[in-house]
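One structure is given below, encoded as structure tokens.
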Amino acid sequence: MFSVPKSLAALLSVCSMVGPLSANTYMPGLSSIGAEFAVSEVATYQTLSGYLTTFAISSLFVGAVSDSLGRRAVMIGGMLLYALSCAICALSPGFEVFLFGRIMMGLFASAGTVLAMAVTRDLFEGRQAQEMTSLIAIIFALAPAFAPIIGGWLVLLWGWRSVFYFLALFAFSMAVICFFFLKETHPKEKRTAFHVVPLVTSYAKAMTNKAFAAGVVCNGFVFMGSILFSAGAPDYVENIMQMGVTDFGYLMLPLIGFSVLGSVFCTKLTARFGDVKTVNLQILMMYGAGIIGVLLNYGMHVPYPLCLFAVIVYSVAMSVVRPIMTVFNLDYFPENRGMAASIQQFFQTSAFAICAAFWVPIVMGSAWKYDAVLLLCGVVVSLCWWIVLKTRPGCLPKGFVPKDTAGGR
């Protein structure tokens, strides 16, 4: 049984949905956008990479801003400005204005995702923090699963602009709900002044913490393996699964369903085996998934749903590892968790951007290549995790003792 407030988990996870909703909901309308604005398919994909780039960069600052102004004010302000950016996209008369709106969306969408993690670590420690993170992950996972399905129906019924009216209404509603129900978790006496130069200096100093640096890179590569299939969803659904543009659910729903399963069992596994053993077991699963996937799909067409075997297994392992890594990463800076959450989100979003800009063109059309990236991610994750284990004891702040789950760390 979860011992943390489910209502708070629901609020934070719905706020964090803004990021994946922005990335995935409009994908079924990309061809319509290109046709209306008379631009190429490559140009329409620039609206995704532009969004992800500004999302990643803003992730570095939103946590630090909330360390100065408080979580609640930044969350509400971010949602309102995001809604305004969606309205710009919906009303855009040309491609340049639309691209500007997408970039602005990325600038403000990071507030929900970053601050959900910061609020969690403000309120909870140890196993409770993992429980809250797992609950957030369970609800958060619904966004990439249903976003392209919702987007497809919106485009079909009312055109691509309706997607951005929907996103604007969603964000405005969350701002109103946060105004009435989200309490401040970072009191004035704990706040630090926001200055750009000291902020950049603190980021640089944070990345000299070997355990933290390895941990955020680890989290990024864990995420990369699974998000590749979301970034390449149009290619995977149409060319590999040989289905239509309205069939995104056949890819996303199994992946998200099994990810939720992993999130549900995360706290149970750590309670039984401890954090370290649990992560070790999941890394072995990542290796196994990658190897079996490459062997299964190499040189032949594997029919649906067997072609998804590797990424389903990987997604289960990912959803177990990420809550543990998130708690670990935010332990190193108990007074600046907003900053730590920002850096972690930067690496996570950068993983998505790398998939969209780099990996998808390389793996396009070949299921075994997608699975080879899973294997590569498993290798990098294992190396980073080894560094975390070797350096963590000496990298924790003096006097800070993390509350271990049963089984120990």
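Count the sequence shown with this note's numbering and you get residues 408 to 816, in order.
Yeah, the Cβ is synthetic: ideal placement off N, Cα and C, and Gly gets one too.
Values in this document were obtained by computation on a predicted structure and should not be read as measured data.
Residue from the options whose Cα sits closest to the Cα of residue i
i	options	result
G785	G806, I719 and M631	M631
N431	F579, D778 and A554	A554
V795	W567, L522 and V683	V683
A575	W560, G508, A613 and V526	G508
G656	V421, R568 and L549	L549
A620	P435, F740 and G426	F740
S465	L783, Q755 and F586	Q755
R729	P661, S633, G664 and I761	S633
P804	V701, F672 and N736	N736
G484	L589, L542 and M539	L589
N687	W792, L459, I750 and F587	W792
I750	G426, L467 and N616	L467
R528	L676, M539 and S580	M539
S666	Y452, L542, L459 and C422	L542
F753	I510, F462, A696 and A480	F462
P661	V720, L418 and F531	V720
G745	G457, A442 and V472	V472
Q535	E596, K675 and C714	K675
K597	S420, W766, I761 and N743	N743
L691	L437, L783 and I663	L783
L415	P712, F587, M693 and A613	F587
S609	D474, A578 and N626	D474
V734	S420, M524 and V607	M524
P712	M650, W766, M434 and V449	M650
Y694	G681, E645 and L781	L781
G449	L437, T460 and Y458	Residue 449 is actually Val in this sequence, not Gly. The candidate whose alpha carbon is nearest that of V449 is L437.
T451	G457, G441 and I556	G441
C422	S722, F577, I699 and Y433	F577
G664	S722, G681, C673 and K617	S722
L419	M434, A760, S456 and M482	M482
Q453	I510, P435 and F680	I510
V787	S580, N626 and S456	N626
F672	E645, K617 and I731	I731
P710	E645, V607, Y433 and D738	E645
Extent of the continuous alpha helix (DSSP H) run through residue i
i	result
G664	G656 to F680
L737	F716 to D738
Y705	No alpha helix (DSSP H) contains Y705, which DSSP labels as neither H nor E.
W567	Looking at the DSSP string, W567 is not in any alpha helix (DSSP H), and its letter there is neither H nor E.
C802	A774 to C802
S757	R744 to I761
A445	No alpha helix (DSSP H) holds A445; DSSP gives it neither H nor E.
A430	V425 to N431
P435	P435 -> no alpha helix (DSSP H), and no H or E assigned at all.
P594	Per DSSP, P594 belongs to no alpha helix (DSSP H) and is neither H nor E.
P768	V767 to V770
Under 8 Å between C-beta atoms of residue i and residue j
i	j	result
A763	A638	yes
S726	S670	yes
F628	V718	no
A748	M659	no
G477	V521	no
G772	D642	yes
L428	A582	no
F444	F505	yes
Q689	A724	yes
S439	V562	yes
G519	V425	yes
C585	I647	no
T615	V526	no
S701	A779	The sequence as given places Val at residue 701; Ser does not occur at that position. Their beta carbons are under 8 Å apart, which means V701 touches A779 by this criterion.
A480	F571	no
A760	L459	yes
F716	I699	yes
V770	K776	yes
Residue-level contact to chain D via CB, residue i, 8 Å cutoff
i	result
L660	Within the model displayed, chain D is absent; a lone protein chain is all it includes.
Measuring CB atoms only, is the segment 788 to 808 touching the segment 496 to 503, in the sense that at least three cross pairs come out at less than 8 Å? no
Any contact of the segment 476 to 493 with the segment 507 to 516, i.e. 3+ C-beta pairs under 8 Å? yes
Would you list, in sequence order, the uninterrupted alpha helix (DSSP H) runs of no fewer than 4 residues that lie entirely inside the segment 463 to 507? 478 to 498
The segment 602 to 616 contacting the segment 691 to 710, beta-carbon criterion three pairs below 8 Å: no
Report the residue ranges of all alpha helix (DSSP H) runs contained in full by the segment 613 to 647; include only those spanning at least 4 residues, in chain order. 617 to 638
Threshold first: 3 residues or longer. Then list the beta strand (DSSP E) segments lying entirely within the segment 549 to 592, N to C. none
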